[in-house]
Every structure is written in structure tokens, then in C-alpha cells.
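Read the structure below first, then the notes.
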Amino acid sequence: MGNTCRGSFTGKLYQGYSQPEDHSNNSKRNTNSDCTNSDYSTPSLNSQQLVSQEFSKENPKKDNSAPRISPSKKDNIMRRGIDNQTYYVLGHKTDNIRDLYTLGRKLGQGQFGTTYLCTEIATGIEFACKSISKRKLISREDVEDVRREIQIMHHLAGHKNIVTIKGAYEDSLCVHIVMELCAGGELFDRIIQRGHYSERKAAELTRIIVGVVEACHSLGVMHRDLKPENFLLVNKDDDFSLKAIDFGLSVFFKPGQIFTDVVGSPYYVAPEVLLKHYGPEADVWTAGVILYILLSGVPPFWAETQQGIFDAVLKGHIDFESDPWPLISDSAKDLIRKMLCSQPSERLTAHEVLCMYNLPVLF
5 MGNTCRGSFT
15 GKLYQGYSQP
25 EDHSNNSKRN
35 TNSDCTNSDY
45 STPSLNSQQL
55 VSQEFSKENP
65 KKDNSAPRIS
75 PSKKDNIMRR
85 GIDNQTYYVL
95 GHKTDNIRDL
105 YTLGRKLGQG
115 QFGTTYLCTE
125 IATGIEFACK
135 SISKRKLISR
145 EDVEDVRREI
155 QIMHHLAGHK
165 NIVTIKGAYE
175 DSLCVHIVME
185 LCAGGELFDR
195 IIQRGHYSER
205 KAAELTRIIV
215 GVVEACHSLG
225 VMHRDLKPEN
235 FLLVNKDDDF
245 SLKAIDFGLS
255 VFFKPGQIFT
265 DVVGSPYYVA
275 PEVLLKHYGP
285 EADVWTAGVI
295 LYILLSGVPP
305 FWAETQQGIF
315 DAVLKGHIDF
325 ESDPWPLISD
335 SAKDLIRKML
345 CSQPSERLTA
355 HEVLCMYNLP
365 VLF
């Protein structure tokens, strides 16, 4: 879930590298929302590209130890409360969002919903509003996902490169998350426009991205779905005004804790995630993938099918022979190798990346 609405590559992107067939888990919150009213229509959540259930029979967004509700009871538990308007996803009654904000045009729609432009009535300041249909929250786990995303956004509040949450509201149909508006578009789109970045600009962007990872990890949060689509620019004139978004797959973790649920996006998923035995080191792998893309315009692990991508990730071969890599510095390639080390225990931490390589001076 997030502030953006692209969830897959298209055939023209990454210089011809096409998105594999989407086998992501569609049993989670449906894209068709029931938050329609006279003011706006069809909200649901922003796109998230989960790894296929072909590779994880468990719920892809939850740890294996999470409590389960039998399918026959899910709808009854959720629907009974929502129909009676006595059940609160947020755990309490909130102000009516329409008393505080005017919801405007749709900014984008993804797999799990729609994000709208909204304006605070008291100040005239514009924000982004992400609306989640309560009807699609069919299990206790779905509700916990929404609560945890909001909790994590509040937990990370104050970091200059993480989108700021303004507030969360709930009515009989939807949960609404109001957050900082980032009008500059996705880092993904900037990469497509440029093809690739110079080493110095790539180093600066990597410093920001790894800085977000370090901040999350220092506060006990693992993002689990970092990718260029999940970094927005505050305005169109500044390449470095990045804000991390989309904490729908994020979780709190404790040192040494191991996760087994397979989540993320195919091009960016770490090998240990596919092997169902991972921790926060997986976020560093993903940041390394983004650095490779920033410098070359193509992902380091690719294929025409999702299974092919996963096979390439597990194999771990990194191409430094094709253009433009012969022209890229050895220090940049060395950093990528150490961030894309297949052994999590030998991979650099986010703190080590920032300290040892003194980004962005390195390149």
C-alpha cells in the first residue's frame, strides 16, 4: 500500500526489459473499492506487487506465526461489525474526513486502492489521501495490516526523506490515510526519462535511499518493498527531494528475528526472502538493486517470466560487462557487489554503506 499507483513494469520500460506475467496474490484487498459517495469515487489502496503464491503457500504479508481465521468465519467476523457500523478498523471513532478535507481528483489507482488529492479546509493546504475499502478487509490479518502501516508511519515521522502522515480517519465505508503530497512523481519515472544517472547523481540518490533504510532499521522497522516506484519527489524541479512511501508490507522486527513470509517485488526481492529465511539485510539488497538500475537503466536480475527472475536472483550473477559498465568506476561496482552479496551475514549494513563509502563523495 502506498502513495503511488504503479505496481508493474510495462514492456517499454528499462530499455526493453518487460515485466513478467503478474502472478501476485489477488486474494488480498480487491481493487474495486466501495468508498463511493457524492464527493469522490472508487477509492482503494495503492499498488503493491507481492511475490506469487506459487512460491509461498502462506499468507504473503504475514509471518507464519500469525494467528489464522478460518475462511468460513472471515466474512462473518468482519461483515457483522461493519454492517452494524460498530466495528472500527482503527480501534476508535475518528473525525469525519469530509469535515476537515475536500477530496478532489484521483491521483492514481493501484492494486489495493486509489489515492486522491485532498485540500485541508482550514488552511487550503493540499495533501494526498489514500482510501481503503473496509469491505475488502475480510480477515483479521487485513485489518492488522492497515493498523500496522499507520503505526509505522507515525513511528517513522520526522525523517526528512520519509513521507509524513497527517492523520488517519475512518467512516462506515473506508479508512482514509492523509499524508504529505509529493507532486514531483516517482523516481521510477525519472529513471525512465533519463535512461540512467551519472555516478555522482546516482551516489547522491543512493545516499538518500540507504539513509532511509538505516533510519528504518535503527527504529526496528523493515520496509520489505523498496523500489523506485516507492520513492516520490516532492517537486518536479529537484532530482534529490526523495520521500519513501508505501509501508504496507513493512514490519517491526527485533535483532536476530527471522521472517519466513515471501513478500516484495520480483526484480528487487533478495535471495533469502525467496528461501523464506531473512531479516533486515534484505532491504540492503534491494537498495543495491536500485543503485545498479540508477547507473545502468536496467535491473541486474531479469527474465521474461517471474520464475526466471527468481532463478536469476538465486544464481546471483551480476553483469558488469555490458554497456555502460566498462565506463563505470571500480568503486561503484565494488559497492554494488557488497550490497548484492548473496550471503546476508556478509552483506554490508546500511550504516556500513554510508560510513565506509562516504556517499556521495565515492563516485
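Count the sequence shown with this note's numbering and you get residues 5 to 367, in order.
Glycine included, every Cβ here is placed at the ideal spot set by N, Cα and C.
DSSP places G312 in the uninterrupted alpha helix (DSSP H) bounded by Q310 to K319.
Here R228 carries a coil assignment [DSSP, helix/strand/coil]. Across the structure, Q197 and E190 are spaced so that their CA atoms are roughly 11 Å apart. By the CB criterion at 9 Å, F256 and L160 fall outside the cutoff. By the neighbour-count definition (other C-beta atoms within 10 Å, threshold 16), E350 is an exposed residue. Bridge partners of V182 according to DSSP: C133 and G171. Each residue's CA atom was taken as its position, placing F324 and K240 some 32 Å apart. Close CB contacts of A206 within its chain, under the 6 Å cut and outside five residues either way in sequence, are with L298 and L299 (chain order). One Cα belongs to R341, the other to A354, and the distance between them is close to 14 Å. DSSP places Y296 in the uninterrupted alpha helix (DSSP H) bounded by E285 to S300.
L237: member of the beta strand (DSSP E) spanning F235 to L237, first to last residue. Within the stretch 90-117, the runs of beta strand (DSSP E) at least 3 residues long that lie entirely inside it are, in chain order, 105-113. In the structure shown, K140 falls within a helical segment according to DSSP collapsed to helix, strand and coil.
Per DSSP, L352 lies in no beta strand (DSSP E) and is assigned neither H nor E.
Looking only at L141, Q347 and I101, the smallest Cα-Cα distance to Y91 is reached by L141. If you draw a straight line from the Cα of Y201 to the Cα of G301, it comes to about 8 Å.
Secondary structure note for L246: its beta strand (DSSP E) is the uninterrupted segment L246 to A248. Looking at I166, K170, E148 and H227, the one whose alpha-carbon comes closest to that of D287 is H227.
As a beta-bridge residue in DSSP terms, F263 pairs with Y282. By the neighbour-count definition (other C-beta atoms within 10 Å, threshold 16), P232 is a buried residue.
Scanning Y271, S335 and K280 for the CA closest to the CA of E308 turns up Y271.
Take E203, set aside five residues on each side of it, and the residues of its chain with a beta-carbon closer than 8 Å to its own are L299, I332, S333, A336 and F367, in chain order. If you draw a 10 Å sphere on the C-beta of C359, you find fewer than 16 other C-beta atoms in it, and that means exposed. The DSSP-derived three-state label of I166 is strand. Setting aside the 5 residues that flank it on each side, Q261 is surrounded in the same chain by G283, each with a C-beta closer than 7 Å to its C-beta; the list follows chain order. Nearest Cα to S269 within the set S245, Q311 and P259: Q311. With a threshold of 16 other beta carbon atoms within 10 Å, K138 meets it and is buried. Bounds of the alpha helix (DSSP H) holding V217 are E203 to S222. In this structure I212 touches F244 by the C-beta definition: roughly 7 Å separates them, less than 8 Å.
Residue range L191 to R198 is occupied by the alpha helix (DSSP H) that includes F192.
Non-local beta-carbon contacts of I125 in its own chain, meaning distances under 7 Å to residues more than five positions away in sequence, involve L104, Y105 and T106 in chain order.
One Cα belongs to Y296, the other to L339, and the distance between them is close to 10 Å. Judged by their CB atoms, I156 and V225 are nearer to each other than the 9 Å cut-off. Taking A132 as the centre and dropping the five residues before and after it, the same chain places the C-beta of N7, L111, T119, Y120, L121, C122, V182, M183, E184, L185 and C186 closer than 8 Å to its C-beta, in chain order.
Secondary structure of C359 (DSSP, three-state): helix.
Under a 10 Å Cβ-count criterion, N362 is classified as exposed, with fewer than 16 other Cβ atoms of the shown protein chains found around its own Cβ.
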